[in-house]
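Going by the numbering used here, the sequence shown opens with residue 12, and the numbers climb by one from there. Notes follow once the structure below has been shown.
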Amino acid sequence: YQRLLEVGLVWILELDGEAAGFTLCLADPVLRASPLWARRHEAQWSPALPMEALLSRRIAYFDQLAVLPGLRSRLWGAALALRALDELFDPQAPAGEHDLVLTTTVIEPIVNAAALPYLARVGAQRIGTLDERYPAVGRVVSALHLIDAGAYRQHIGALARRPGPATRRVLAGARSLPELGRLLGSPKPAAPVQPETA
């Protein structure tokens, strides 16, 4: 984890001066130098995918998202994820604009479905699986999901046009889409999400 923190893009959720959650993402050059990228040929990709074309684009990897339990984790988790994705797709961001974001969800030996509704809301598509073995855990199979920048912007735009109370809270918490903030009239929260690039 120390190495990931040194090279990754980290966003810290700070509430009342305390760290309450984080996201960890890898920008394109870091992803391409990672062990995950070295194992890309081991993945079982969807046969319909134009892999050569996809792999030639700028791809970020959304590695981790965590929020302390008991802190309305669904709200703050969604806000953190939105903030990270907005940064990854922003042409003005220090890490540069990405065309695609890759992420994974565990499907064996357990199914971690917590992120699936959120992934669907931001236009993610399941594009394959990765079968891995870890010494302390054994076999772990993950679903691979891909978020396209255009699909992401389209889904976020649709949410902005028809925001419910929960969406308003998430967008206000994310503070990452000023144009949506203007559309929604969302105030900036007292406890903002603070970016840190490690």
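Using N, Cα and C, we set each Cβ at its ideal position, and we do this for glycine too.
{"Asked": "Other residues of its chain near residue 107: CB distance less than 8 Å, five sequence neighbours each side excluded", "Found": "38, 39 and 69"}
{"Asked": "Buried/exposed call for residue 121, threshold 16 Cβ in 10 Å", "Found": "exposed"}
{"Asked": "Buried versus exposed, by CB contacts within 10 Å (16 or more), residue 72", "Found": "buried"}
{"Asked": "Same chain only: Cβ atoms within 6 Å of residue 102, ignoring 5 sequence neighbours per side", "Found": "108"}
{"Asked": "Straight-line Cα distance separating residue 175 from residue 212", "Found": "In this structure the chain extends from 12 to 209, so residue 212 is not present and cannot be described."}
{"Asked": "Which of helix, strand or coil DSSP assigns to residue 108", "Found": "coil"}
{"Asked": "Contact under 8 Å by Cβ, residue 141 with residue 54", "Found": "yes"}
{"Asked": "Pick from 94, 143 and 110 that is closest to residue 47, judged by C-alpha positions", "Found": "143"}
{"Asked": "Other residues of its chain near residue 100: CB distance less than 8 Å, five sequence neighbours each side excluded", "Found": "108, 109, 112, 160, 163 and 164"}
{"Asked": "Proximity to residue 223 [Cα-Cα], best of 75, 139, 146 and 168", "Found": "Limits of the chain in this structure are 12 at one end and 209 at the other, which puts residue 223 out of reach."}
{"Asked": "For residue 133, three-class secondary structure by DSSP", "Found": "coil"}
{"Asked": "Nearest-angstrom beta carbon gap, residue 78 and residue 20 [assumed within contact, 8 Å]", "Found": "Actually they are not in contact, since the Cβ atoms of residue 20 and residue 78 sit about 17 Å apart, beyond 8 Å."}
{"Asked": "Cβ-based neighbour list, residue 60, same chain, cut-off 7 Å, excluding 5 preceding and 5 following", "Found": "138"}
{"Asked": "Rounded Cβ spacing between residue 152 and residue 119 (contact assumed at less than 8 Å)", "Found": "4 Å"}
{"Asked": "Cross-strand partners of residue 100 (DSSP beta bridge)", "Found": "Looking at the DSSP assignment, residue 100 forms no beta bridge with any residue, so it has no partner."}
{"Asked": "For residue 154, three-class secondary structure by DSSP", "Found": "strand"}
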